Amino acid sequence: MNVSVCIKRVPDTEAHIRIDQTGTDIDNGGIKYIISPYDEFAIEAGLRVKEKMEGGEVSLLTVGTNEAQETLRNGLAMGADKATLLRADSYMDGLGTAKALAVELKDSDAQLILFGVKAAGSDQQQVGPMVATLLGISCVTEVSSFEFGDGVVTCHREIEGGIEVVEADLPAVLTITKGEYEPRYASLKGIMAAKRKPLEEREADFSQPGIHIERLSEPTTRGSGCILEDSPDAVAELVRLLREEANAL
Ligand SMILES: Cc1cc2nc3c(=O)[nH]c(=O)nc-3n(C[C@H](O)[C@H](O)[C@H](O)COP(=O)(O)OP(=O)(O)OC[C@H]3O[C@@H](n4cnc5c(N)ncnc54)[C@H](O)[C@@H]3O)c2cc1C
């Protein structure tokens, strides 16, 4: 069974993010970029399908600038077979990204199209369901594990207070959470092999974004705490502080 995995290049989640002078973008200076961690779970899920079914290919797909080649090579080093970069040099919103991916995927023979449940950093959770809608195929979100039946995929979803089991016709889009998909590390052999694996590039089918980033701002910093002296007046003082300074009463 062939599997496509859509991955996004994002700033390292450990990086200290600063806003640039435009106030609408982040300052890229010195930031390391990685595969979005949820997308690593999706790659892992795709590789396990290939191992279990003993056949088929795992293809990676990303929409981004030339720098995203590195992201694709890192995914190939984990074990994916081939990759495609849909090159775009100006900002795309979620729908634009989904349209570019759908154009590429509509003639693909992948029975399963995997996404991370959300892209680290922007967290919009849009692209996977939008691609499924554009392709007119089933979509199951927040999948923590899955297995195949006859023309169907049975998915486990971690929901509030329990597990929901749903069955979807193939081909299908799944958005993956960590669940049982602890991503494997790329081995040295995998890193060397990745250099020779096919990586195609095409211009992304571009549509003007309908969503624009108006403004970015730092989260408000919390004030320092205070410790009250252990004295008979402490309770009264605590109530006063909660009422007058914290506005909590
Ligand atoms: C030149 C350029 C600059 C951009 N600058 C920014 C920016 O500053 N801030 C910003 O938030 N976005 C930016 N984008 C858009 C970005 O590519 C996002 O992909 C898009 O907005 C999707 O929304 P999201 O990140 O919330 O994804 P979500 O909807 O949360 O993503 C869900 C899943 O969809 C898949 N996915 C998401 N994006 C891509 C992708 N690009 N390629 C393949 N699969 C993907 C992944 O599997 C991901 O886990 C830029 C894009 C380009 C081409």
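Heads up: the sequence shown begins at 1 in the numbering used here, then just goes up one per residue.
Glycine included, C-beta positions come from ideal geometry on N, C-alpha and C.
Since the structure is predicted, the reported quantities are computational estimates derived from the model, not experimental observations.
Nearest residue (CA-CA) to Asp230, options Glu160, Ser224, Leu238: Leu238
Helix, strand or coil: which one does DSSP assign to Leu249? coil
Taking all protein chains shown into account, decide if Glu44 is buried (16 or more other Cβ within 10 angstroms of its Cβ) or exposed. buried
Give me whichever residues DSSP pairs with Thr133 in a beta bridge. Answer is none; Thr133 lacks a bridge partner.
If you run the structure through DSSP and keep just helix, strand and coil, what is Thr22? coil
Limits of the unbroken beta strand (DSSP E) element including Glu244: No beta strand (DSSP E) contains Glu244, which is instead part of the alpha helix (DSSP H) from 234 to 244.
Report the three-state DSSP secondary structure of Thr220 (helix, strand or coil). coil
Spatial neighbours of Leu199 within its chain, please: CB distance less than 8 Å, with the 5 preceding and 5 following residues excluded, ordered by chain position. Gln69, Leu72, Arg73, Leu76, Lys82, Ala83, Thr84, Leu85
For Glu51, which residues in the same chain have their Cβ closer than 8 Å to its Cβ, ignoring the five residues on either side in sequence? none
Is it right to say Ala42 is buried, meaning 16 or more other beta carbons lie within 10 angstroms of its own, or is it exposed? buried
Per DSSP, cross-strand counterpart(s) of His156: Ser145, Val165
Could you tell me the distance, in whole angstroms, from the CA atom of Glu180 to the CA atom of Val143? 10 Å
Looking at Lys8 and Ala119, is the spacing between their C-beta atoms short of 9 Å? yes
Tell me which residues share the same chain as Cys139 and place their Cβ nearer than 6 Å to its Cβ, disregarding the 5 neighbours each side in the sequence. Pro129, Ala132, Val173
To which residues of the same chain is Thr141 closer than 6 Å at the C-beta, ignoring the five residues directly before and after it? Thr175
Return helix, strand or coil for Ile43, following the three-state DSSP convention. helix
Grab the span of the beta strand (DSSP E) containing Ile34 for me, first residue to last. 33 to 35
Below 6 Å CB to CB, which residues in the same chain sit around Ser36 once its five sequence neighbours on both sides are set aside? Lys8, Val10, Gly116, Ala119, Ala120
Could you work out which residue in Ser108, Glu160, His156, Asp150 is closest to Leu135 when comparing CA atoms only? Ser108
CB of Met92 to nearest heavy atom of ligand 1: below 8 Å? yes
Less than 9 Å between the C-beta atoms of Gly79 and Gly190, yes or no? yes
Just to confirm, are Leu301 and Ser207 a CB contact at a threshold of 9 Å? Because the chain is modelled from 1 through 249, residue 301 falls outside the range shown and cannot be assessed.
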